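Report on one structure; see the data block that follows.
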Amino acid sequence: MRPRTLAVFDRLDLLEWRLCRRFARLSLYAPWLATLRLASRVGDWPVWVALIAAQPLLQPEAGFTYLLQYAATGLIAILIYRLIKTRLCRERPFITFVNVIQCGEPARDRYSFPSGHTMHAVMFCVMTAAHAPWLLPLLVPLAVLIALSRVGLGLHYISDVAAGAAIGYVFGLASLTLAG
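Per our numbering, numbering of the sequence shown is gapless, rising by one per residue and ending at 1037.
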């Protein structure tokens, strides 16, 4: 029996593993695997740090304020995300279904719920929609690809990605509301 694992996650695992396995099989195609790995690495931090740092250039009149807002929101989101992740302790698909779902990229930690990559992607898309909507045609496809990469690489279940997206959406809206 796995420590601190909630029964609801065990049921979700059983419902999701087939779909995750099918999606992860697409990673057998080298070009797709390379695309997923690149999206995952970009979603680690580089694109979001660049977006935060670029705020003064993107928005000369309020850019420094946005820089602080984006950075503070990102830090708070990480703290709460880590709290959730370390309390729920849902094993990653490649750990739960060893020899069925392959790990396509090294995991940063053992647990999968929620997807922090997806949380940040959605959170920064929501904030960017309010401040620089002209960037959304670039950021939204990237956010979708980052979310897909997490499942395709065997690192997350679909529900992990959905929860990460929901949490990111709430953080983005809360940040805009509090700063507004």
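In this text, a Cβ means the ideal position worked out from N, Cα and C, and glycines have one as well.
Note that this is a predicted model, so its numbers are computed, not measured.
Query: Taking just the CA atoms, how far does Leu-1005 sit from Met-858?; Result: With a pLDDT of 47 at Met-858, under the threshold of 50, the predicted position of this residue should be treated as unreliable, and no value is reported.
Query: Ignore the nearest five residues each way along the sequence and tell me which others in Asp-1017's own chain have a CB closer than 6 Å to its CB.; Result: Ser-969, Phe-970, Pro-971 and Ser-972
Query: Check the C-beta distance from Val-983 over to Gly-1029 and give it rounded, since I have them as a contact under 8 Å.; Result: 3 Å
Query: Do Arg-949 and Ala-928 come within 8 Å of each other at the CB atom, strictly closer than that value?; Result: no
Query: Report, in whole angstroms, the separation of the C-beta atoms of Gln-916 and Ala-989, which I expect to be a contact under 8 Å.; Result: 7 Å
Query: What are the boundary residues of the alpha helix (DSSP H) that Ala-1022 is part of?; Result: 1015-1036
Query: With distances taken Cα to Cα, identify the nearest neighbour of His-974 among Glu-962, Ile-1003 and Asp-966.; Result: Ile-1003
Query: Going straight from the alpha carbon of Ala-896 to that of Leu-1035, what length do you get?; Result: 31 Å
Query: So, for Glu-873: in the same chain, excluding its five sequence neighbours on each side, which residues have a beta-carbon less than 7 Å away from its beta-carbon?; Result: Tyr-1014, Ile-1015 and Ser-1016
Query: In this structure, how does DSSP classify Tyr-886 when only helix, strand and coil are distinguished?; Result: coil
Query: For the candidate residues Gly-1037, Arg-868, His-977 and Gly-1011, whose alpha-carbon lies nearest to that of Phe-954?; Result: Gly-1011
Query: Please work out which residues of its chain come closer than 7 Å, Cβ to Cβ, to Gly-920, disregarding the five sequence neighbours upstream and downstream, and give them in chain order.; Result: Gln-912, Pro-913 and Leu-914
Query: Please go through the same chain and pick out, in chain order, the residues whose beta-carbon is closer than 8 Å to the beta-carbon of Leu-876, but skip the five residues on each side of it.; Result: Ile-1015
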